[in-house]
Structure formats: structure tokens, C-alpha cells
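First to last, the sequence lines map onto chains A and B.
The first sequence begins at 1 in the numbering used here and counts up one residue at a time.
The second sequence begins at 1001 in the numbering used here and counts up one residue at a time.
The beta carbon of each residue, even a glycine, is placed where N, CA and C say it ideally should be.
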Amino acid sequence: MSGAIGAMRADAAKLLSEGAVKLVLGYCVRGNERYPCFISEAAQAEALDFDQSCRQNLAAYLRKPEVRGRAPLAVVSSPAVCRSLLVLSSESQIRENEVRALAIGPKGYGGILGLGALGAWLKADYPDLVPEQALLDRVAELSAKTAQERAKFWMKEFEKCTRCYACRAACPGCYCERCIVEKNMPQWISSAAAGHGNYAWEVIRAFHQAGRCTGCGACEAACPQGLPLMLLNARLSQDAFEEFGSRPGYELEAKPLIGSWSAEDDGSFIR
Amino acid sequence: MKLLDRSKSTDFAAALAAAGYRVAAPVSDGGLVRIKEWAPGAEIAASEMPLNSMKDFLFPRTEVIGRWTLEGDGFASQDVRPDAPKTAVLFAKPCDAAALAVLDAVFNWDCKDCFYNAKRDAAAVAVLACGSADEHCFCTSVGGSPGEAHGADLLFRPADGGLRMIVEPLTAKGKALADAAGSALSEGQAQADPIARPAERFDPGKASAWLASNFESPLWKELSLPCLGCGACAYACPACHCFDIQDEGSRSESVRCRNWDSCGFGLFTLHAGGHNPRADQSARWRQRMMHKFSYFPQRFGRLACTGCGRCARLCQAGMDIARACARISPRENA
Ligand code: SF4
Ligand code: SF4
Ligand code: SF4
Ligand code: SF4
């Protein structure tokens, strides 16, 4: 991994010194923690680091005007972040010349990749990014319960939610300028951190990621209350794949699942 | 001296519950420690830093403060009283107790907030002095101390290598707690343990002075770049007290709720007409710093940060208010 990190740092420094990008988004290590860091001078590139515990999805920063305003950008991108970049591209949120990836993962450093090259890198080295087995086992265990048991489980979890929206802030897919919970003229769903408002918020957040979630885990890692958000995300991803063959984040111009419609879609549930 | 064996922490909680207190204590809950209402069987993690603060019991994340029912053609206003059961907060942190002065000041400023004050009056707060601190603790930089219990009714001092606590009631409410504890407490002698000494990382006076004349500093853009604008920091903070008022209705009833709010959210200052005076995250994060270290001290003579470090521990983006303060007001000897 140290060779990969060295190559990534050298590329970041090169892009900055050549003026090809104005800002590099990466990770730095502070104590036992990994944090996002922002580098604008080649000499600072040594501060960049990467390992498997870098859990923030840096693609989330692309919705931030202060970051976006400094394009062209380079983003240190794990396979999950690369997928998020492709989802953002397929949803017309970012353009080819704005963002470049410094692609890095467990199999090493993939170089400076434009959005158009990410799909090939992912398909070659990470063709089957599926959640880890422990998570899939928990999903299966929960899916086997009755609807009442599941509702009970989730009510208990959702009750912990303070509506801090750290999960939303962490997710690159949550880029709405005005999220449903912020629609307050009139209020669409209760903003009180309790009961049905929490239920509505959690379910809507998860549903809005169906077929878009890249499984990066940043939302769950950000949740101060420890809600098991990945159980919802992973189950919805399974459904999106099984029902619609959706595997978000592998194609530059894929049709977003919840933004597209086909006459062949199963409509039998509409009565 | 009065002593509490650490192994009797739950006996103490049980005795208080039997005496009619709602007991709030740091409880281990699915791998995380929270201050929660204690129930028999729950394991108390007395020395852990809980992820929430005791403000949850005085200023809850949502609270009904008004209620109307539809009767015929009109609304009838219903009497809503504060829900303020007699409460004992056990093993709170010194920095959480210090934050009570912040909440007391703001909820008794131009208007006496009956909902807050009813809960505050009904609460007895027992602080456990800190034998250890982590790298995010900085009470000593903001005038606090891990061995003090300003704002508390009773102080526990760790003793005999953590096996026992020396019990020191500080107020009538604290004495009532000790009296209600019954056989959970014993008389005896114990050797107080050393108190944690987190490093002093900045000079708060200098930070306030810098802030007073640097509203327009270019540093705000740089410092705030990682912030993603959630409410994690404000909601975990024992001193943050901003709220939103929302009316919510069903067909037959309308309730007015007071919900936590955060200056980190874009919606916080968005005007109905669409203008937002805090247009970007740097303006919002500046507000967080300004409020805690400049405006609040100007108005109330104390900082609105007690150095608990929760905001930095929880922030996914690595925003760290103590680092920011150290940046603008380095200590001379540092
Ligand atoms: S929903 Fe969570 S896991 Fe899925 S892309 Fe967003 S942050 Fe990542
Ligand atoms: S981060 Fe956790 S507590 Fe905050 S809104 Fe999301 S689920 Fe709720
Ligand atoms: S400082 Fe961190 S916790 Fe606070 S609003 Fe910004 S991202 Fe959220
Ligand atoms: S600002 Fe941060 S460190 Fe200060 S009291 Fe609030 S949560 Fe604790």
C-alpha cells in the first residue's frame, strides 16, 4: 500500500503544480482517525493518506459550492467513491472536465482517471462490489422475520434518531438543494425527532437511495446515534438488483433507476 | 466520609428510583454509551463519556409546548404543562454540569422559559470527577476543571484506584440524593485518586478578542471547508440551545413543538422570501464559533463551550473547535 500512496501523492502534487486542478480532496490521519483534507499546494501532498478505514465518501463534497467553486478538482477515490462519481455523472450532477479521480483501492493505485475511465477500472479490478458477508447475513436474518417483528425492530432504532442529518450530509447521493425534511411551507413531514416523523424520514432517506446507493457506508459511519442504516441500504440495493438489474456506479451514462421508466416495468401492483 | 462502591452504582440508582426519582445515567446501549433513563438491569458506565449530554433531560430534542383541539368551528386551547418529573442525573461530567450555567442564562434571559425551568428545578445533578481524559477533552482551556462540579448538586470523587467514590453533597438537592441512597452508601475512609489534566490548548480570552475583530477574516473559508453542514455537533453539545418552533396538526388537533435546531443547517437562517444571510457553510460555521466564544460571552459573561469535546469526537468531517481556537489564539508557551 505504501507504494500506492506514494504514487497517489506524486500524482496529486503533479496535478497541482501543473495547474491541472486547483484543489485535491483526500484523507489525512490524525491520531487514530481519518479525516477529509483539502490540498491546494503541491508541497502539501505529502499529507495525503489512504487505508481501508477512510470511510468518508469524498464525493459528498461535490455538492458543496465552496468546493465545487474551486474546480477542476481531483478526488482521492476508493472503488465506492468512484462508483459515487459515476452515479453523480449519470444523474448530470458533475461533468467530465470538473473532476478527476486519484483511484486507489485494496488492489493498489489506479492512476489519474477521468470520469470516462472509471468504469473500466472498476470492472477490471472491482467487478463485484457487494457488501461484506456479515452485513448480508444480518439483512437475511431481518428479512426472515415477520413484518410486525421488523416494524418493531425499526421503531426501536428510529426512536434513537435525533434528526441531525449527519447521514444525509455524508452521502454523495443526498444532493437535493431542499431535502424533503426541509420543505416547510407547508411542512411535509414532521420535523420533531420522534415517532412518525422519524419513521418517515428514515424510510424516505433509504428509498431515495434505492438503485443509487453505492454501499460506501459513509452514512452509517457518520450517524452519531449508531443506527444500522446499512441494513436498509443493502436490502434496497438487493431489491434494485433483483427486480431491475440495477448496479449503480459502473457506467458513465447509466439510466438512474428512480429517474427512468420502461413500458416493460411490472405494474401489476397498481390496482 | 460517605462512600459509594463502584460496584454499587446500580444499587444507588435503584434506591433513588425507589425513592421516586426518574434516574438518568450513562448506560451502555448497543455498544454506545448514552445518558438514558435508567431501568433495572441496565449496566451503568459511570466513567464513560456518553455520546449525548444531560441537556436531553432539561431541553429535550422535541417537546410539546402547546395544544389545540378542533371543536365545532373553532379551536380550543388546551392547557399544556411542562413534563418535569423529579429527576436524578447520575455520573454527569463536570463539563456537562458547567454547561447548565449556559442553559440557565439563556432560558432566563428576556423570558423565563417555564418548560426548561420546570425540568431544571426538578433535576438533581450528581457529577463524577474525571480520572482520565481523552485527546478531545479541553475543559481546562475554557476555564473548567475535571475535578470541579460547578452547577452540580453532588460531587463523586473517584477513590482507591477507581474502586470507590467519595460522596460530597453540595446543595440541599444533593443532600436529598445522598439521604435517599440508603444502604447503597457507606461510611469509611478512602484515598482520592488523581484528577485528569487535559492539556490547555488555547487562551479563550485571546480567542474572543480575535473573533471580535475578524468577522470578515479569510480564515473562515479555509477553516470551514470540511464541514458538511449537519447537526451532529450542535445536538451533542451540552451548551447548544437553538430551537425551532413547528406547528403540526391532524384533522382534529394541532400541537406546537419545540425542536432542536442547528446553526450548521442552511435552513436555519433561510428567509421566507428566499434570501439567506448566511449563504454558505463558512458563514454558518463562523456563527458557531462567534456565538460560543464572542457573542455569548459579551451578553452573559461566560463562554458557551465547556470543552467536552463531543463535537470533535462525533464530527465525520474532522471539524474541531479546539483546533480552530488554537489556530486563532495560540498559547504563548505552546
Ligand atoms: S446511502 Fe449511505 S452507503 Fe449508500 S451511497 Fe449514501 S452514504 Fe453511501
Ligand atoms: S445521522 Fe443518525 S441520528 Fe442523525 S438524522 Fe441520520 S439516522 Fe438520524
Ligand atoms: S462541524 Fe461536523 S458535525 Fe458540525 S455541522 Fe459541520 S460536519 Fe456536521
Ligand atoms: S462546542 Fe463542542 S466542546 Fe464545546 S461544549 Fe459544545 S460539544 Fe463540547
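Per the coordinates, the alpha-carbon of residue 1042 (chain B) lies some 10 Å from the alpha-carbon of residue 1025 (chain B).
With its beta carbon at least 8 Å from every one in chain B, residue 199 (chain A) lies outside the interface.
Only those residues of the stretch 1231-1246 of chain B whose C-beta falls short of 9 Å from the nearest C-beta of chain A are listed: 1231, 1232, 1233, 1234, 1235, 1236, 1244 and 1246. Within its own chain, the residues whose Cβ lies closer than 8 Å to the Cβ of residue 1192 (chain B), once the five positions on either side in sequence are excluded, are 1157, 1158, 1159 and 1166, listed in chain order. For ligand 4, a non-hydrogen atom lies closer than 7 Å to the CB of residue 1307 (chain B). Secondary structure within the stretch 1198-1263 of chain B: the alpha helix (DSSP H) runs of 4 or more consecutive residues, fully enclosed, are 1204-1212, 1219-1224 and 1232-1236 (chain order). Here residue 132 (chain A) carries a coil assignment [DSSP, helix/strand/coil]. Closer than 7 Å to some heavy atom of ligand 1: that does not describe the Cβ of residue 79 (chain A).
Proximity of the beta carbon of residue 1018 (chain B) to ligand 2 is not indicated: no heavy atom of the ligand is located closer than 7 Å. Looking at the DSSP output, residue 181 (chain A) sits in no beta bridge, so it has no partner there. The continuous stretches of alpha helix (DSSP H) do not include residue 24 (chain A), which lies in the beta strand (DSSP E) extending over residues 23-30. A Cβ-Cβ distance of about 14 Å is found for the pair residue 158 (chain A) and residue 142 (chain A), leaving them out of contact under the 8 Å criterion. Close to residue 164 (chain A), with beta-carbon spacing below 7 Å, are these residues of chain B in chain order: 1230, 1231, 1232 and 1235. Shown here, residue 1010 (chain B) sits in a helix according to DSSP, grouped into three states. Looking at B:1067, B:1072, B:1071 and B:1088, the one whose alpha-carbon comes closest to that of residue 1078 (chain B) is B:1067. Scanning the stretch 1018-1078 of chain B for uninterrupted beta strand (DSSP E) segments of 3 residues or longer gives 1022-1029, 1032-1037, 1062-1071 and 1074-1078, listed from N- to C-terminal end.
For a Cβ distance threshold of 9 Å, residue set 1222, 1225 and 1226 of chain B lies close to residue 38 (chain A), ordered along the chain. The C-alpha of residue 1302 (chain B) is placed about 22 Å away from the C-alpha of residue 1130 (chain B).
Residue 1116 (chain B): member of the alpha helix (DSSP H) spanning 1114-1122, first to last residue. Judged by DSSP in its simplified three-state form, residue 174 (chain A) adopts coil rather than helix or strand.
Assignment of beta-bridge partners to residue 1186 (chain B) by DSSP yields B:1003. Screening all residues for a C-beta within a distance smaller than 5 Å of any heavy atom in ligand 3 leaves B:1227, B:1228, B:1230, B:1232, B:1233, B:1264, B:1315, B:1317 and B:1319, in chain order.
Taken in chain order, the complete alpha helix (DSSP H) segments of 4 or more residues contained in the stretch 223-270 of chain A are 229-244. Contact of residue 35 (chain A) with chain B by beta-carbon distance below 8 Å involves 1226, 1317 and 1318. Residue pairing by DSSP places residue 1082 (chain B) in no beta bridge whatsoever. The alpha-carbon of residue 201 (chain A) is positioned some 7 Å away from that of residue 181 (chain A). Between ligand 1 and residue 216 (chain A), a heavy atom-to-CB distance of less than 7 Å is present. Apart from sequence neighbours up to five positions away, the residues of its chain that approach residue 1207 (chain B) with a beta-carbon distance below 7 Å are 1293, 1325, 1328 and 1329, ordered along the chain. Shortest Cα-Cα distance from residue 248 (chain A) to any of A:139, A:203 and A:122 involves A:122. For the pair residue 28 (chain A) and residue 1254 (chain B), the Cα-to-Cα distance works out to about 49 Å. Taking the Cβ of residue 84 (chain A) as the reference point, at least one heavy atom of ligand 1 falls within a distance shorter than 7 Å. DSSP places residue 110 (chain A) within a strand segment (E or B) once states are collapsed to three.
The C-alpha of residue 67 (chain A) lies about 11 Å from the C-alpha of residue 99 (chain A). In this structure, the straight-line span from the alpha carbon of residue 1299 (chain B) to that of residue 1114 (chain B) is close to 21 Å.
Against chain A, a Cβ distance below 8 Å from residue 1280 (chain B) picks out 65 and 66. Between residue 113 (chain A) and residue 86 (chain A), the gap from beta carbon to beta carbon reaches 8 Å or more.
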